[in-house]
Each structure stands twice: as structure tokens, then as C-alpha cells.
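In terms of our numbering, the sequence shown opens at residue 2 and continues consecutively. Here a beta-carbon is modelled for each residue, glycine too, at the ideal position from N, C-alpha and C. Source: prediction; values computed, not measured. For reference, the structure discussed in these notes is given below.
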Amino acid sequence: MHFQLIIRNGEIIDGTGCARFAADVGVNGERIAAIGDLSAASADSTIDAAGKIVAPGFIDSHTHDDAFVLTHPDVTPKVVQGVTTVIAGNCGISLAPLSADAVPQPLDLLGPPERFAYDTFAAYLDALDRAPAAVNVAALVGHSTLRVRHMNDLAREATAHERARMAADVEEALQAGAFGVSSGTFYPPAAAASTQELIDVCAPLKRHPGVFATHLRDETKDIVASMEEAFAIGRAVGANLVLSHHKVAGKENHGRSAETLALIDAQSAQQPLCLDCHPYPATSTMLRADRIRQSSRVMLAWSTKRPELAGKDFADILPLYDGSIEAAIDDLKPAGAIYFVMDENDVRRIFRHEKTMVGSDGLPNDTAPHPRLWGTFPRVLGHYSRELKLFPLETAVRKMTGLTAEQFGIDGRGHVVEGHYADLVVFDADEVIDRATFDQPKLAPLGIEHVIVNGVPVLARGEPTGARPGRALRRIPR
Ligand SMILES: [Zn+2]
């Protein structure tokens with residue numbers, strides 16, 4: 002037997018959550034061709050994985066990489082973590098379909114307005130086909146993007162006519178290959194949308210497969226009502242519900258993850274749902290007064306007008322504005338910040354839940370980004386699993402591979418199994434750890450050694466190869 006590539010002598014953690022086992026993995030073309038004792042087989046190239054783990058490539062369930070995969074196709078912050086597929090278009094914000102000269106916050110976290118240049122979802126996926134990235138991209142269509150496209154006044158609910166036009170865009174996106182719809186009523190462009198508006202806009206999900214992924218309207222005192230709104234929308238359109246970056250924010254809500262997870266467990270009997278989370282007690286998004294007031298510490302991630310202040314503590318910036326949060330926001334905006342707003346015990350409790358996937362929520366265009374952009378996956382493997390023993394390594398891997406592929410309907414990926422696409426990562430379980438910190442957020446992790454996407458190495462011995470074998474994935478194949 003001959004293979005293009007054999008990964009020899011590794012321990013396989015296959016993404017199902019089952020215990021690891023020793024085996025070689027043979028790859029031909031873009032697929033896993035054989036798993037077992039391949040000591041008698043030859044290969045064009047070999048990776049010696051003795052003492053290492055061989056796992057499915059990691060799937061980042063929550064990203065804002067829509068434009069980044071086009072502007073930075075090496076996608077280095079993700080490749081160095083072992084990520085082989087990113088799910089873009091989260092929080093109601095997708096790059097397509099929208100052509101615009103200017104976009105309101107937070108759409109700008111995807112990049113400058115000129116990046117919004119795709120009138121259809123199909124055109125965006127075609128652009129990815131023409132200029133592939135190092136990783137695969139599965140994209141959602143965002144409700145806020147559709148509002149910006151079809152409404153002249155974002156401060157009100159959409160009319161019946163506007164809802165119909167947005168639903169037509171959702172239909173086009175799903176037929177083109179979108180993996181579902183996302184929403185973000187937490188944010189100004191969609192805050193005026195009613196529950197019924199979302200049900201109407203998401204109606205094509207009744208006819209096509211796809212998730213409804215939502216950044217809840219409120220993650221503080223009204224979190225339960227916000228979750229119930231999300232349950233209602235998911236049920237009304239029959240979609241798998243993804244509760245994005247699940248958290249309970251603000252000191253007075255710390256500890257309430259016990260309540261929200263119990264609600265999730267109870268609701269699981271009624272409808273399909275899941276959640277994602279990142280391994281940090283701080284979040285990051287556009288600069289806004291409510292989040293500043295809820296946080297124990299705030300750091301400025303970027304500011305177009307005052308770029309020199311990026312990375313600084315807001316407490317050190319505030320005196321420049323005589324202590325006025327509003328005056329600071331006025332001068333700094335558009336801007337983004339990092340907010341220490343959760344309790345680490347809630348983060349860990351949420352992570353232990355069997356339906357919690359790993360999602361970085363990294364913001365790739367920020368000047369001083371939250372360290373989740375470079376550190377999320379190795380931190381779950383090295384810190385949460387190995388150091389804190391929150392769950393076995395097999396569970397950690399499942400939360401970033403098989404579980405995510407199953408929940409989003411990503412066919413042929415997420416498991417180490419014969420016939421699957423050869424999206425693979427080889428890592429050192431004893432060494433793997435994040436190095437990115439809030440003060441030095443752009444440090445690559447340790448212990449991720451080889452990353453293979455569609456049979457092609459994108460990271461070899463810890464170094465990016467520059468190859469760009471990623472695909473624009475399509476939920477409904479063309
Ligand atoms: Zn969000």
C-alpha cells in the first residue's frame with residue numbers, strides 16, 4: 002500500500018469523545034484513506050507523531066473572520082492553534098450580502114467598509130473559491146447586515162416589505178451554501194427588531210437545513226427572557242439554536258450560569274440547541290457605555306482616531322476626558338474594547354456543559370486584540386483540560402471538532418475516520434498551551450506541531466507553510 006502522507010505512531014483522539022487509541026493515519030488526496038497499522042505501507046511523506054496526539058482539525062465555532070480570510074488568507078492566528086475550519090458571519094454581522102460605502106458599528110469589526118462588496122451570498126463564496134485561504138470557511142448570513150442593506154432607519158422594526166426582502170436574501174444565502182442565520186439584537190443596528198421580525202426573516206430555515214445562531218439581546222439581568230426569546234425563534238423556524246458566546250455578564254449576575262445551564266438542559270427536551278464559549282472571563286466588542294459600567298476592568302482594543310491608545314487600560318484613558326465615559330466614547334469612536342465582565346467560575350461551569358463548543362470570537366482586525374484570537378484552542382487543551390482537569394483531553398477535543406461539525410451540519414469533517422476530509426492536527430498533549438495574554442495578545446501558542454487541511458500541510462513543525470488549501474464550505478452543495 003502507498004499513501005501520499007502517513008502520520009505514524011500517534012495516539013488518535015477521533016473527535017467522538019471516545020478514548021484515544023494508537024494508530025497510523027494514511028492520507029490520499031484530500032481524504033483520510035486508512036487508519037490502523039500502516040507500518041508495511043510506503044508514503045511520499047511521513048510525519049512521526051510518536052508521543053503526540055493526532056486529532057481532527059479544530060473548528061472555530063464562532064468567528065468574525067469573514068473578510069480576514071480574504072485579506073489575510075494565511076489566517077495565521079488560527080492555523081498556529083490547529084484550526085482548520087472557521088465559522089464566520091456570527092452575531093448578526095456577515096460580510097455578505099451587502100455593498101456599502103459606510104457601515105455602522107459593529108459591522109466595521111469585520112474590516113473597513115470597502116470590504117463590503119458582495120451583493121449576494123453566492124458572490125462571497127465564489128470570491129473565496131477564487132482566492133482560497135489556508136482554512137475552510139463555513140459562513141452564516143447576518144440579520145444586522147440584512148437590516149443595513151434593506152432599511153433606511155435602523156431605529157425601528159422592519160416593515161412587512163422589508164422583512165420579505167430580508168427573507169429573500171436569507172433564501173438566496175441558504176441556497177448558495179450558508180450554514181444558517183445569525184442575529185445580534187444586543188447591537189444598535191438590530192436592537193429595534195422584534196421577535197416576530199426575526200422569525201419572519203429566518204423563515205427560509207423552515208425549508209432548508211441551517212442553524213439559528215444568536216448573540217442574545219441581553220446577557221445581564223434579562224438573560225433568561227433573552228434566552229426564551231431565542232428558544233422561541235429557534236422553535237418557530239425549526240432550526241438548531243446556537244447560543245453564541247454564552248455568558249452571564251456583570252457582577253450582580255455572577256453565578257447565574259447555574260440557572261442558565263439548567264434552563265438549557267430543560268429546554269433541550271423541547272428543541273435542538275447548543276452553545277459556544279471561550280476560555281476567558283473577559284469579552285470584547287465595540288466601545289459602549291453599558292459594557293464599560295458592567296466591567297471590573299476595560300482595555301481599549303482599537304480606536305480609529307486615537308490608535309496610540311490601543312492596548313491601554315480605560316482607567317488610564319478616562320482622566321484625559323475628566324472622567325466622563327460618554328466624552329471618551331465620543332472622542333474615541335469608532336473603537337473597540339476588552340471588558341472584564343464575567344466570573345471565571347461561570348466560564349468553567351459553562352465549558353463543562355456537554356453541549357458547549359469552543360468558539361474564539363476573536364477579532365482579527367483589532368490593534369490590540371483580546372488574546373482569544375491567538376490562544377483559545379491551546380488554552381482549552383493545556384489550561385482547562387491538562388492543568389485544571391475540567392474534563393479529559395478527549396472531551397476537550399470533541400468540543401472543538403466532532404460536536405461542532407455535528408451541530409453546524411459540516412459533513413465529512415470533525416472526526417478522524419476513513420473517508421473524511423484530511424483536516425488533521427498533531428499536537429503535544431504535555432506541552433500544548435496558549436501564550437497570548439491581555440498585555441501581549443499576539444503570541445503564538447506552544448505544542449501545536451502539524452496542521453493539515455484537505456490533505457495539505459498548512460503548519461509543519463510549528464511553522465506555517467504558506468499553503469492555502471481551504472475551501473468555501475456549502476451546507477447545501479451546489
Ligand atoms: Zn457576539
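- Secondary structure note for Ile36: it is in no alpha helix (DSSP H), and the uninterrupted beta strand (DSSP E) holding it is Arg32 to Gly37.
- Gly324 sits exposed, since fewer than 16 C-beta atoms from the chains shown fall within 10 Å of its C-beta.
- Taking 7 Å as the cut-off, one finds at least one heavy atom of ligand 1 near enough to the beta carbon of His246.
- Annotation: Glu12 is outside any alpha helix (DSSP H); the continuous beta strand (DSSP E) that includes it extends over His3 to Ile13.
- Any heavy atom of ligand 1 counts here; residues with a Cβ closer than 5 Å to one of them, in chain order, are Cys92 and His216.
- Between Asn254 and Ile224, the gap from beta carbon to beta carbon is short of 8 Å.
- The Cβ atoms of Met300 and Ala328 do not sit closer than 8 Å to each other.
- A residue is called buried once 16 or more other Cβ atoms fall within 10 Å of its Cβ, and Ala41, having fewer, is exposed.
- Going by DSSP, Glu407 is part of the alpha helix (DSSP H) stretching over Gly403 to Phe409.
- Under the DSSP assignment, Tyr340 falls in the beta strand (DSSP E) whose first and last residues are Ala336 to Phe341.
- Approximately 4 Å separates the beta-carbon atoms of Gly27 and Phe4; this is inside 8 Å, confirming the contact.
- Taking every protein chain shown into account, the CB of Gln295 has 16 or more other CB atoms within 10 angstroms, so this residue is buried.
- Ala44 places its beta carbon 8 Å or farther from that of Ile13.
- Counting only runs of 3+ residues, the beta strand (DSSP E) found wholly inside the segment 69 to 123 occupies 84 to 89, in chain order.
- Membership of Asn346 in any beta strand (DSSP E) is not indicated; the residue belongs instead to the alpha helix (DSSP H) covering Glu345 to Arg353.
- Runs of the beta strand (DSSP E) lying entirely within the segment 117 to 167, each at least 3 residues long, are 137 to 140 in chain order.
- With fewer than 16 other Cβ atoms inside 10 Å of its own Cβ, Gly467 counts as exposed.
- Taking all protein chains shown into account, Cys203 has 16 or more neighbouring C-beta atoms within 10 Å of its C-beta and is therefore buried.
- Taking a C-beta distance under 8 Å as the contact criterion, Val348 and Cys278 qualify as a contact pair.
- For Thr466, the secondary structure class from DSSP, reduced to helix, strand or coil, is coil.
- In this structure, Phe122 and Glu173 form a Cβ contact; the two beta carbons are roughly 6 Å apart against a cut-off of 8 Å.
- Thr286 is bridged by DSSP to Ala338.
- Here DSSP, grouped into helix, strand and coil, assigns Asn241 to strand.
- Nearest Cα to Val243 within the set Asp317, Ala250 and Glu229: Glu229.
- Here Gly420 is exposed, its C-beta having fewer than 16 other C-beta atoms within 10 Å.
- Counting along the chain, the unbroken beta strand (DSSP E) around Asp45 starts and ends at Ser43 to Asp49.
- Separation of the CB atoms of Leu71 and Ala132 is rounded to 6 Å, and the pair is thereby assigned contact status at 8 Å.
- In the DSSP assignment, Pro189 falls outside any beta strand (DSSP E), carrying neither H nor E.
- In this structure, the straight-line span from the alpha carbon of Ser258 to that of Thr221 is close to 11 Å.
- Taking a C-beta distance under 8 Å as the contact criterion, Arg350 and Phe392 do not qualify as a contact pair.
- Separation of the CB atoms of Thr377 and Gln82 is rounded to 7 Å, and the pair is thereby assigned contact status at 8 Å.
- Counted as a single uninterrupted DSSP element, the beta strand (DSSP E) harbouring Pro458 occupies residues Val457 to Ala461.
- If you look at Leu394, you'll find it isn't in any beta strand (DSSP E); it sits in the alpha helix (DSSP H) that goes Leu394 to Lys400.
- Shown here, Glu419 sits in coil according to DSSP, grouped into three states, outside any helix or strand.
- Between the segment 130 to 150 and the segment 185 to 192 there are three or more C-beta pairs closer than 8 Å, enough to call the two in contact.
- A residue is called buried once 16 or more other Cβ atoms fall within 10 Å of its Cβ, and Lys306, having fewer, is exposed.
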